[in-house]
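The structure appears below as structure tokens.
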Amino acid sequence: IVSAVPPETRGQALGLNIAGVYIGLSSAPVIGGIVIYYLGWQSIFYCMLPFLLFSAYLCYSLKDEWTMYDGAIDKLGSIVSMFGILLFVYGFTVINTGLGKILLVVGLALLICFAYIELRVDNPVFEVRLFKNARFSSSNLASLISYLATFVITYILTYHFQYIMGLDSQISGLLLIVTPVMMAILAPISGRISDKIDPQKLAAIGMGFVTVAILILCFLNESTPLYLIIIAMFLQGIGYGLFSTPNTNAIMSSVPKEETGTASASLAAMRVIGQTLSIGLLTVIFAYIMGNVPIVPEYYPLLMESSRISCIISAILCVIAVCASLVGLRSDVEYET
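Structure (structure tokens):
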């Protein structure tokens with residue numbers, strides 16, 4: 591997308607792309623809730639196949655998308671990075687065990703080795719020197735922290751709707767579309783605005799809205815009215831709609847044209863790692879507070895306590911993401927990509 595449009599409309603194009611992503615996110619809970627309600631949870635996996643196959647066909651049919659690479663492939667770096675990310679992420683999800691702590695340390699050591707390798711090869715898998723660019727590194731950090739802070743909220747609200755409020759999966763799915771719908775509406779708008787003002791400032795404002803939303807959820811309990819939860823979801827949707835496109839625009843604008851692929855890969859890595867660590871964080875908190883007890887009315891207070899602690903940590907992370915979004919505002923020039 592970045593290579594197909596001029597720099598002055600890059601944000602608008604990225605906004606349309608991200609809006610498409612959020613439209614998919616907003617429709618998935620509704621469709622998923624209906625499918626689970628009538629056909630059971632196993633049917634979800636079968637329903638995904640046609641969409642995955644169609645997406646694969648579209649990717650394969652893109653003109654000039656698949657080309658042969660002339661340079662040598664950094665096989666060692668590829669292997670080390672793969673195992674480093676795998677062990678680090680998995681170790682974090684089971685960090686409450688001895689094996690988890692060992693895997694976490696080994697994964698981190700492999701990632702350090704990966705950075706060392708990439709600095710010394712002619713054709714690196716990932717150009718780590720890009721992180722010397724303050725705008726690039728801070729915007730990636732903001733992206734990582736934002737996913738780490740917010741991805742878990744959907745699960746917390748799902749537990750609350752179905753266990754605390756007693757709603758079925760169909761109604762829960764309908765309620766959960768509030769946030770992604772707002773994202774889909776605002777992503778193109780924020781993209782167009784980010785073409786005219788510094789995208790990092792807009793991203794910071796967006797994370798500010800998300801922070802307020804999660805602060806509201808920090809007081810979540812069995813008597814919290816539904817309208818207050820919807821307001822929080824509404825604010826989170828506004829915030830992330832204002833954050834995502836400008837943040838992407840800031841990252842893609844901070845690298846030369848030949849490194850846009852690396853920038854895109856880093857953004858995808860931040861998203862996947864952030865989401866995975868977010869689930870790991872929730873798992874650790876729930877395991878510490880609830881242990882192995884079942885989610886039944888007798889233990890609902892423990893469920894609520896776990897959710898509150900998760901939201902408090904998420905709110906703190908959002909504040910850090912706001913600060914990260916503002917780093918490097920004047921330190922780097924934009925590249926004409």
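Position one of the sequence shown corresponds to residue 591 (our numbering), numbered consecutively onward.
Even glycine gets a Cβ: it sits at the ideal position worked out from N, Cα and C.
*Return the chain-ordered list of same chain residues with a C-beta closer than 8 Å to the C-beta of Met658, the five sequence neighbours on each side being excluded.*
Unreliable positioning characterises Met658 in this predicted model, as indicated by a pLDDT of 49, which lies under 50. A coordinate reading is not provided.
*Just the Cα atoms here: how many angstroms apart are Tyr612 and Val620?*
Each residue's Cα considered, the two are about 13 Å apart.
*Out of Thr769, Gln760, Ile767 and Gly796, point me to the one whose CA is closest to Gly781's CA.*
Gly796
*How long is the line joining the alpha carbons of Ile775 and Gln632, rounded to whole angstroms?*
So the alpha carbons of these two residues sit roughly 32 Å apart.
*Measure the CB-CB distance between Gly667 and Gly681 and report whether it falls below 9 Å.*
Against a cut-off of 9 Å, the Cβ pair of Gly681 and Gly667 comes out as no contact.
*In this structure, does DSSP put Val845 in helix, strand or coil?*
Coil.
*Between Leu857 and Leu738, which are expected to be in contact by the criterion C-beta below 8 Å, what is the C-beta distance as a whole number of angstroms?*
That pair is no contact at about 14 Å.
*How should Glu708 be labelled, buried or exposed, when 16 other C-beta atoms within 10 angstroms of its C-beta is the threshold for buried?*
buried
*Name the residue from Gln826, Thr687, Asp712 and Asp788 whose alpha carbon lies nearest to the alpha carbon of Val768.*
Gln826
*DSSP three-state call for Pro789: helix, strand or coil?*
helix
*asked:* Let me check understanding here. Comparing Cα to Cα, which of Ala594, Ser844 and Val800 lies closest to Cys901?
replied: Val800
*asked:* Am I right that Val670 and Phe704 are in contact with their C-beta atoms under 8 Å? What's the rounded C-beta distance?
replied: 5 Å
_Contact the stretch 719-739 vs the stretch 832-850: 3+ CB pairs below 8 Å_ = yes
*Cα-Cα separation between Pro905 and Arg898, rounded to whole angstroms*: Pro is not the amino acid found at residue 905; the sequence shown has Ala there. Distance between the alpha carbons of Ala905 and Arg898: 10 Å.
*Locate the alpha helix (DSSP H) running through Ser900, then write down its first and last residues.*
Membership of Ser900 in the alpha helix (DSSP H) is indicated by the continuous run Tyr890 to Ser915.
*When DSSP labels each residue in this structure, what does Tyr813 get in the three-state scheme?*
The sequence given here has Ser at residue 813, not Tyr. If DSSP states are grouped into helix, strand and coil, Ser813 belongs with coil.
*Apart from the five residues just before and just after Leu731, which ones in its own chain have a Cβ nearer than 6 Å to its Cβ?*
For Leu731, where only same-chain residues beyond five positions count, the Cβ hits under 6 Å are Ala914.
*asked:* Less than 6 Å between C-beta atoms, sequence neighbours within five positions excluded: which residues of the same chain meet that for Leu867?
replied: Phe682 and Leu738
*With DSSP collapsed to three states, give me the class of Leu604.*
helix
*Three or more C-beta pairs closer than 8 Å, one from the stretch 832-843 and one from the stretch 816-824: is that the case here?*
no
_Cβ-Cβ distance between Phe673 and Gly697 below 9 Å_ = For the 9 Å CB-CB criterion, Phe673 and Gly697 form a contact.
*Within 9 Å, strictly: CB atoms of Leu818 and Ile828*: no
_Please report whether the beta-carbon of Gly630 lies at a distance below 9 Å from any beta-carbon of chain D._
The structure shown contains no chain D, having only a single protein chain.
*With distances taken between CB atoms, is the gap from Ser766 to Thr748 smaller than 9 Å?*
Checking the sequence, you will find Leu at residue 766 rather than Ser. Yes, the pair counts as a contact, with Cβ atoms nearer than the cut-off.
*Label Leu711 either buried or exposed according to how many other C-beta atoms from any shown protein chain fall within 10 Å of its C-beta, with 16 as the threshold for buried.*
Here the sequence assigns Val to residue 711, which means Leu is not the residue at that position. The residue in question, Val711, is exposed, as its Cβ has fewer than 16 Cβ neighbours within 10 Å.
*Report back the beta-carbon spacing between Ile743 and Tyr890 to the nearest angstrom; my notes put them in contact at under 8 Å.*
So it is not a contact: roughly 19 Å between Cβ atoms.
_Presumed contact (8 Å Cβ cut-off) between Gly605 and Ala793, rounded CB distance_ = In fact, because the Cβ distance is near 13 Å, the residues do not count as touching under 8 Å.
*Could you give the DSSP three-state label for Thr687: helix, strand or coil?*
coil
*Classify Val883 as buried or exposed, calling it buried when 16 or more other Cβ atoms lie within 10 Å of its own Cβ.*
exposed
*Just curious, the alpha helix (DSSP H) that Arg725 is in, first and last residue?*
Ala724 to Tyr749
*Helix, strand or coil at Phe635 according to DSSP, with G and I counted as helix*: helix
_Please report the distance separating the alpha-carbon of Val874 from that of Ser854._
30 Å
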